[in-house]
Amino acid sequence: MSAADRTLQSSYAHQIPIPYSDNPIYEGMTNALGGDFREFSSLSCPPRCCELSFIVVQGSVGLIQRFGKYYRAVDPGLYYINPFTESLTAIDIKVQVEDIPRQVVMTKDNVTVTIDSVLYWKVVDPYAAAFLVANVRGALVERTQTTLRQVIGARTLQECVENREVLAHQIQDIIEVPAKEMGADVTAMLLKDLQFSAELQDSLSAAAKQQRIGESKIIAAKAEVQAAKLMREAADILNHPAAMQIRYLETLAGMAKSGNTKGSWWNNGCQPFTRLTKSSECFVNSHLHAPRNSQCDRVQGN
1 MSAADRTLQS SYAHQIPIPY SDNPIYEGMT NALGGDFREF SSLSCPPRCC
51 ELSFIVVQGS VGLIQRFGKY YRAVDPGLYY INPFTESLTA IDIKVQVEDI
101 PRQVVMTKDN VTVTIDSVLY WKVVDPYAAA FLVANVRGAL VERTQTTLRQ
151 VIGARTLQEC VENREVLAHQ IQDIIEVPAK EMGADVTAML LKDLQFSAEL
201 QDSLSAAAKQ QRIGESKIIA AKAEVQAAKL MREAADILNH PAAMQIRYLE
251 TLAGMAKSGN TKGSWWNNGC QPFTRLTKSS ECFVNSHLHA PRNSQCDRVQ
301 GN
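Under the UniProt record's numbering, think of the first position of the sequence shown as 1, with each following residue one higher.
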């Protein structure tokens with residue numbers, strides 16, 4: 001399809017046979033008189049001044065009636081009609097955006113919410129929209145409001161907040177059936193906003209805050225368990241006699257670097273000034289990730 005074809009609207013033009021009239025003589029005379037008047041007016045004044053021609057604009061469909069009976073549909077363009085017997089009605093077939101009046105709805109869990117919604121629709125059957133329904137727009141709005149209350153009333157507040165698009169599609173599917181009977185097609189249904197009372201907003205905020213606090217406590221508890229495991233492993237390592245000797249030597253080195261020359265010394269059953277044994281050296285090397293040699297293996301084996 002070319003770009004020019006995409007800009008053209010679908011054709012609704014057609015004509016039905018004119019039914020038999022109960023007053024053929026009167027209708028024939030009136031039709032002939034209107035035709036003569038149209039010919040005379042076209043010579044004496046512009047057609048638009050005498051309302052003998054009508055322009056059907058792009059995005060509309062013209063429905064022509066003769067003696068009050070529909071018999072013809074025309075596409076956009078300029079048309080001449082009989083001013084005594086015919087009338088033309090233009091039907092807009094563009095997509096209409098209808099704001100649904102704000103309404104207060106109670107959910108399944110007895111929570112009152114205020115809902116703002118919008119409906120997108122268009123006429124697909126000009127005859128049905130013009131002659132079968134008095135007010136297509138008003139009928140669609142009323143049907144949408146009723147369906148919205150039914151669907152929202154069967155859901156909890158949490159479901160309405162989380163599944164807003166699903167609810168909108170469900171409402172659209174429900175109102176599409178009666179809309180087609182009225183000559184319209186529902187293209188989209190949107191829930192723009194869900195508003196709660198101030199007390200309910202505070203309650204929801206408090207619940208969300210408590211949930212976040214609970215999650216943070218769970219994370220902190222897992223971290224404490226992991227830290228406890230690491231501390232236990234560290235305690236097992238430091239409880240080794242060689243580790244105690246190293247800590248003792250580090251303490252002495254720190255005291256020697258300080259400016260305080262006075263101090264009390266005690267042995268506490270250890271021999272810190274003796275040379276480290278082979279088993280101690282192997283312990284230090286193994287916990288400092290040094291490669292273990294066969295000599296250390298023999299010492300630990302002994």
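Note that CB positions come from ideal geometry on N, CA and C, so glycine has one too.
In this text the structure is predicted, and so the values were computed from the model without any measurement.
Where residue 235 falls: helix, strand or coil (DSSP):
helix
Between the C-alpha atoms of residue 152 and residue 210, what's the straight-line distance to the nearest angstrom?
Between residue 152 and residue 210, the C-alpha separation is close to 27 Å.
Is it the case that the stretch 64-82 contacts the stretch 97-115, given that we only count it when at least three CB pairs across the two stretches are under 8 Å?
no
Helix or strand or just coil, what does DSSP make of residue 131?
helix
Start and end residues, beta strand (DSSP E) containing residue 154
No beta strand (DSSP E) contains residue 154, which DSSP labels as neither H nor E.
Going by alpha carbons, who is nearest to residue 196 out of 187, 221 and 158?
158
Considering only residues of the same chain and omitting the five flanking positions on each side of residue 59, which have a CB-CB separation below 7 Å?
9, 92, 93 and 94
Does the separation of the CB atoms of residue 18 and residue 70 fall below 8 Å?
no
Smallest Cα separation from residue 130: which of 183, 173 and 113?
183
Select from 171, 65 and 106 the residue whose C-alpha is nearest the C-alpha of residue 90.
For the options 171, 65 and 106, the alpha carbon positioned closest to that of residue 90 is the one of 65.
How big is the Cα-Cα spacing for residue 119 and residue 105?
18 Å
For the stretch 72-154, list the beta strand (DSSP E) runs that are entirely contained and at least 3 residues long, ordered along the chain.
77-80, 86-92, 96-106 and 112-123
Are the beta-carbon atoms belonging to residue 126 and residue 61 less than 8 Å from one another?
yes
Endpoints, the alpha helix (DSSP H) within which residue 174 is located:
164-181
Where residue 18 sits in the DSSP three-state scheme:
Reduced to three states, the DSSP call for residue 18 is coil.
Among the residues of its own chain, which have a CB less than 7 Å from the CB of residue 156, if the five just before and after it don't count?
107, 108 and 109
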